[in-house]
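Visitor: If you read the sequence shown in my numbering, its first letter stands for residue 158, the second for the next number, and so on.
C-beta: ideal position from N, C-alpha, C; glycine also.
Would you mind keeping the following structure in view while I ask a few things?
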Amino acid sequence: MNSNIKVPFYSLEKIHTQCADSLQKAFNETLQSNWFVLGNRLQLLEQNFANYLSCKYVAGVSNGLEALQISLLALGIGAGDEVIVPAHTFIASFIAVTQIGAKPIPVDVNPSTCNLCVKNCQAVINSRTKAIMPVHLYGNPCPMNEIMVFAYKHNLWVVEDNAQAVGASFTEEKTGTFGHINACSFYPSKTLGALGDAGAISTNDTVLYEKVLRLRNYGASGKYEFSDLGLNARMDELQAAFLSVKLPYIDQWNAERRQLALQYENFFSTVGYLTLPQKTPQSFPVYHLFPIRTNLRDELKIFLLQKGVQTVIHYPQPPHLQVAFKYLKYQKGDFPITEKICNTTLSLPLFPGMSEAQQNYIIDCVKIFFQEKGK
Ligand SMILES: *Cc1c(COP(=O)(O)O)cnc(C)c1O
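Printed below as a string of structure tokens:
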């Protein structure tokens, strides 16, 4: 790491120190078991994670993108179908829809929460619309009550992209349990991270669950019998074993995230020219990220880096303006709220294990920046 870095954007060091012995033990036991794919360790993780979410079924898969893709495939969505997605999201939400042959239909987001705006969905509904994919971006739950009402009214499937919000809740129920079928990611930097790639699908629907089990394993319905055109998207036993070690800590780690977010909010509430993340009253976010917004974003980013504080922009360019999605034929200005967010947002370091001294240092740097600007 650059020696000038005083606060890294993210670090797993502290939380992994807490459970390093158990992770080593999990590795040794898996090695000795000589069973590495679709075994007891995955089954145990699936049960534990289903209990954690209070959801009937969980199926472990290879990563968050595959979790989204398989969820859509299980619903029978494909060529000619349209799926509503928030314009402001990580590219994976869009890619999952294109990979199964359907078309992502972006709608602009709520300027305050940065999440899917139900009001904007009405205008894009047509006979091809099959599903809606709310993304709990930054770990901030979408208004699932409104979304479910809207979906039932228009006969749409709901697939939550819960990649950034594992452990968050809405009206006291965990995100990833509202939609018909839902996807999450255990990418290392997510709120519950594997030691590599992994993801999961959660659902209360037996038929969808059984289809997912086939789709993640070549579409196999029995030994060398294939009923569906599936994928190889299984979660390794090793990752499942590691995740079972880390799962019991998730609430503690998320509580730490909330405490850090609260501290930021307290100190920044008096700084003008700074927009803080907003949530709906029923939401209990996990602060996967802590994005602030300011028109002086680029200058602030450089200033903080000079002070040794790493920051990241989530995201500098929305999916509809990426070269990969040129075929959708959107242009600059089509989703003004999303574009404004992309031009003004800056994520500050926030991770379990971040020290008070580190956070105070960041807060001081930000305050100095705005003082110098006379704001
Ligand atoms: C991380 C992420 C994904 C994809 O998860 P991977 O495990 O990296 O494939 C999907 N959607 C969102 C919003 C994400 O942040």
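Per the contact definition of three or more C-beta pairs closer than 8 Å, is the region 430-439 in contact with the region 309-324?
Guide: Short answer: they don't touch.
Visitor: Please report the Cβ distance between P442 and H471, rounded to the nearest whole angstrom; I am assuming they are in contact, meaning their Cβ atoms lie under 8 Å.
Guide: Their Cβ separation, rounded to whole angstroms, is 14 Å, which puts P442 and H471 out of contact at 8 Å.
Visitor: Quick one: residues in its chain with C-beta nearer than 6 Å to the C-beta of L210, no 5 flanking neighbours on either side, listed in chain order?
Guide: Hits under 6 Å: K331, G333, T334 and S359.
Visitor: Under the three-state reduction of DSSP, which class applies to P405: helix, strand or coil?
Guide: Reduced to three states, the DSSP call for P405 is helix.
Visitor: Less than 8 Å between the CB of A397 and some heavy atom of ligand 1, yes or no?
Guide: Incorrect: A397 has no Cβ contact closer than 8 Å to ligand 1.
Visitor: Going by DSSP, what residue range makes up the beta strand (DSSP E) through C341?
Guide: Element bounds for C341: I338 to S342.
Visitor: Should N220 be counted as a contact of ligand 1 given a C-beta to heavy atom distance under 8 Å?
Guide: Checking every heavy atom of ligand 1 against the Cβ of N220, one is found closer than 8 Å.
Visitor: Is G356 near ligand 1, with its Cβ less than 8 Å from a heavy atom?
Guide: Yes - ligand 1 has a heavy atom lying nearer than 8 Å to the Cβ of G356.
Visitor: Can L400 be considered in contact with ligand 1, in the sense that its beta carbon sits closer than 8 Å to one or more heavy atoms?
Guide: Checking every heavy atom of ligand 1 against the Cβ of L400, none is found closer than 8 Å.
Visitor: Could you tell me whether any Cβ in chain B is nearer than 9 Å to the Cβ of L169?
Guide: The chain inventory of the structure shown lacks chain B, comprising one protein chain alone.
Visitor: Three-state secondary structure (DSSP) at I162?
Guide: Looking at I162 - three-state DSSP - the assignment turns out to be coil, as it is neither helix nor strand.
Visitor: Would S228 be called buried (16 or more neighbouring beta carbons within 10 Å of its own) or exposed?
Guide: So S228 ends up on the buried side.
Visitor: Bridge partners for Y548 per DSSP, in chain order?
Guide: Outside the displayed range of the chain (158 to 532) lies residue 548, so it cannot be described from this structure.
Visitor: Below 6 Å CB to CB, which residues in the same chain sit around S326 once its five sequence neighbours on both sides are set aside?
Guide: So the qualifying residues of the chain are F441.
Visitor: Closer than 8 Å by C-beta to Y283: which residues in its own chain qualify, once you throw out the five before and the five after it? Chain order, please.
Guide: As written in the sequence, residue 283 is Asn, which differs from the Tyr given in the question. Answer for N283: E239, listed in chain order.
Visitor: Does the distance between the C-beta of F193 and the nearest non-hydrogen atom of ligand 3 fall short of 8 Å?
Guide: Absence of ligand 3 from the depicted structure is noted, with ligand 1 being the only ligands included.
Visitor: Is it true that the region 183-203 meets the region 246-264, where meeting means three or more beta-carbon pairs spaced less than 8 Å apart?
Guide: Touching, no, given that fewer than three Cβ pairs across the two stretches are closer than 8 Å.
Visitor: Just checking Y421 against ligand 1 - is the residue's beta carbon closer than 8 Å to any of the ligand's heavy atoms?
Guide: No, the Cβ of Y421 stays beyond 8 Å of every heavy atom of ligand 1.
Visitor: Are the beta-carbon atoms belonging to V266 and A288 less than 9 Å from one another?
Guide: No; because the gap between Cβ atoms is not below 9 Å, this pair is not in contact.
Visitor: Starting from V264, trace the alpha helix (DSSP H) in both directions and tell me its first and last residue.
Guide: Premise fails: V264 lies in the beta strand (DSSP E), K260 to V264, not in any alpha helix (DSSP H).
Visitor: In three-state terms, what does DSSP make of G296?
Guide: Helix at G296.
Visitor: Count the other CB atoms within 10 Å of the CB of P476; is the residue buried (16 or more) or exposed (fewer)?
Guide: The residue in question, P476, is buried, as its Cβ has 16 or more Cβ neighbours within 10 Å.
Visitor: Among G324, T270 and N500, which residue has its Cα nearest to the Cα of C299?
Guide: Comparing Cα-Cα distances from C299 to each of G324, T270 and N500, the minimum goes to T270.
Visitor: Rounded to whole angstroms, what is the Cα-Cα separation between E317 and A357?
Guide: Approximately 12 Å between the Cα atoms of the pair.
Visitor: Distance, Cα to Cα, T174 vs L386?
Guide: Between T174 and L386, the C-alpha separation is close to 42 Å.
Visitor: With P243 as the anchor, note down where its beta strand (DSSP E) starts and where it stops.
Guide: P243 -> beta strand (DSSP E) spans E239 to P243.
Visitor: With respect to the alpha helix (DSSP H) encompassing V281, which residues constitute its N-terminal and C-terminal limits?
Guide: V281 -> no alpha helix (DSSP H), and no H or E assigned at all.
Visitor: Going by C-alpha distance, which of E186, V466 and K497 is nearest D521?
Guide: Nearest of E186, V466 and K497 to D521, Cα basis: V466.
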